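Undergrad: Numbering (my numbering), first residue to last: 21 to 212. The C-beta atom is built at its ideal place from N, Cα and C for all residues, glycine as well. Model, not experiment: these values are computed from the prediction. Take this structure, written in structure tokens, and hold onto it; I'll ask about it next.
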């Protein structure tokens with residue numbers, strides 16, 4: 021029963037994410053110049069604290085950054101889903117925006133090489149974290165109606181977060197730091 025509910029809430033999160041990723045991609049098509057300025061600003065704000073020449077340190081920084089975002093998605097369920105929705109929507113817009121802009125500038129192969137290797141682990145981690153956040157929202161509503169125990173549910177969902185989300189984020193961070201740069205280099209050299 022829990023797995024079905026997690027699957028349903030994760031599919032709901034995925035639909036929201038994809039919808040707003042498409043919105044982000046569409047916004048790039050409307051004004052490429054402003055999109056370029058926004059992307060430069062985003063790189064300065066987000067990546068300046070994460071990037072490091074040492075792949076091990078980079079992987080730790082990426083893991084911590086993605087863990088923080090995933091925790092917001094999960095714990096945001098305690099705000100009746102408002103924070104979960106906000107983080108999911110903004111990340112969807114940003115991903116759609118970046119994918120659209122970079123694929124227009126560098127080509128689809130370049131964007132695939134820079135996202136797919138680690139994204140196949142990172143995006144499901146975010147979606148599962150959001151799904152758990154929505155289940156936490158459901159638990160709050162049930163307790164509000166007098167038929168549930170939010171603290172007990174939160175404890176159960178936190179265990180699932182550690183079991184599902186954390187390993188996916190760890191694998192994604194290692195791949196993003198150690199493997200993705202090598203794949204990007206191969207694409208830029210024309211080998212792939």
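Nearest CA to the CA of residue 74: which residue from 194, 210 and 203?
TA: Position 54 of the chain shown holds residue 74. Here the closest residue by C-alpha is 194.
Undergrad: In this structure, how does DSSP classify residue 63 when only helix, strand and coil are distinguished?
TA: As a first step, residue 63 is located in the chain shown; it is residue number 43 there, counting from the start. Here residue 63 sits in helix by DSSP.
Undergrad: Quick check: the stretch 109 to 121 against the stretch 38 to 50, are at least 3 beta-carbon pairs closer than 8 Å?
TA: As far as the Cβ criterion goes, the stretch 38 to 50 touches the stretch 109 to 121, which means the pair count is three or higher.
Undergrad: Below 8 Å on the Cβ atoms is my contact criterion, and I expect residue 151 with residue 30 to pass it. Report the Cβ-Cβ distance as a whole number of Å.
TA: Here residue 151 refers to the residue found at position 131 of the chain shown. Here residue 30 refers to the residue found at position 10 of the chain shown. Contact holds; Cβ gap of about 3 Å.
Undergrad: For the pair the stretch 154 to 162 and the stretch 95 to 109, tell me if three or more CB-CB distances fall below 8 Å.
TA: In short, these stretches touch, since the Cβ pair count reaches three.
Undergrad: Just the C-alpha distance for residue 128 and residue 26, rounded to the nearest angstrom, thanks.
TA: As a first step, residue 128 must be located in the chain shown, where it is residue number 108. As a first step, residue 26 must be located in the chain shown, where it is residue number 6. Approximately 32 Å between the Cα atoms of the pair.
Undergrad: Using three-state DSSP, classify residue 73 as helix, strand or coil.
TA: Residue 73 sits at position 53 when you count from the first residue of the chain shown. Note: residue 73 maps to coil in three-state DSSP.
Undergrad: Suppose you measure from the CA of residue 124 to the CA of residue 57; what does that come to, to the nearest Å?
TA: As a first step, residue 124 is located in the chain shown; it is residue number 104 there, counting from the start. As a first step, residue 57 is located in the chain shown; it is residue number 37 there, counting from the start. About 15 Å.
Undergrad: Might you give, ordered along the chain, the residues of its own chain that have their beta carbon closer than 6 Å to the beta carbon of residue 198, omitting 5 neighbours on each side?
TA: Translated into positions along the chain shown, residue 198 becomes position 178. 75, listed in sequence order.
Undergrad: What three-state label does DSSP hand residue 42 in the structure shown?
TA: On the chain shown, position 22 is the one that residue 42 refers to. Of the three classes helix, strand and coil, the one that applies to residue 42 here is helix, per DSSP.
Undergrad: With distances taken from CA atoms, which of 143, 148, 21 and 33 is nearest residue 183?
TA: The count along the chain shown starts at 1 and reaches residue 183 at position 163. Ranking 143, 148, 21 and 33 by Cα distance to residue 183 puts 148 first.
Undergrad: Measure the C-alpha to C-alpha separation of residue 208 and residue 37 and round it to an integer number of angstroms.
TA: Along the chain shown, read from residue 1 onward, the residue named residue 208 stands at position 188. Along the chain shown, read from residue 1 onward, the residue named residue 37 stands at position 17. The alpha-carbon atoms of residue 208 and residue 37 are separated by roughly 29 Å.
Undergrad: Using the C-alpha atoms, what's the distance from residue 112 back to residue 138?
TA: Numbered from its first residue, the chain shown carries residue 138 at position 118. Numbered from its first residue, the chain shown carries residue 112 at position 92. Cα to Cα, residue 138 sits roughly 16 Å from residue 112.
Undergrad: Confirm, please, whether the CB-CB distance from residue 189 to residue 145 is below 7 Å.
TA: Here residue 145 refers to the residue found at position 125 of the chain shown. Here residue 189 refers to the residue found at position 169 of the chain shown. Cβ atoms of residue 145 and residue 189: closer than 7 Å.
Undergrad: Under a Cβ-count criterion, where at least 16 other Cβ atoms within 10 Å of its own Cβ denotes burial, should residue 185 be classed as buried or exposed?
TA: As a position in the chain shown, residue 185 is number 165, starting the count at 1. Buried.
Undergrad: Secondary structure at residue 132, three-state DSSP: helix, strand or coil?
TA: For the purposes of this step, residue 132 is identified with residue 112 of the chain shown, where counting begins at 1. It is helical.
Undergrad: If you draw a straight line from the C-alpha of residue 53 to the C-alpha of residue 62, how long is it?
TA: If you number the chain shown from 1, residue 53 lands on position 33. If you number the chain shown from 1, residue 62 lands on position 42. Cα to Cα, the separation comes out at about 14 Å.
Undergrad: What residue range does the alpha helix (DSSP H) around residue 178 cover?
TA: Locating residue 178 in the chain shown gives position 158, where the first residue counts as 1. It spans 170 to 180 - the alpha helix (DSSP H) in which residue 178 sits, taken as one unbroken run.
Undergrad: In three-state terms, what does DSSP make of residue 219?
TA: This structure does not reach residue 219, given that the chain is present from 21 up to 212, and the question cannot be answered.
Undergrad: By the three-class DSSP mapping on this structure, what secondary structure does residue 105 have?
TA: The residue you call residue 105 lines up with position 85 of the chain shown. Reduced to three states, the DSSP call for residue 105 is helix.
Undergrad: Which of the three DSSP states, helix, strand or coil, is assigned to residue 209?
TA: Here residue 209 corresponds to residue number 189 of the chain shown, with the count starting at 1. In this structure, residue 209 counts as coil in the three-state DSSP scheme.
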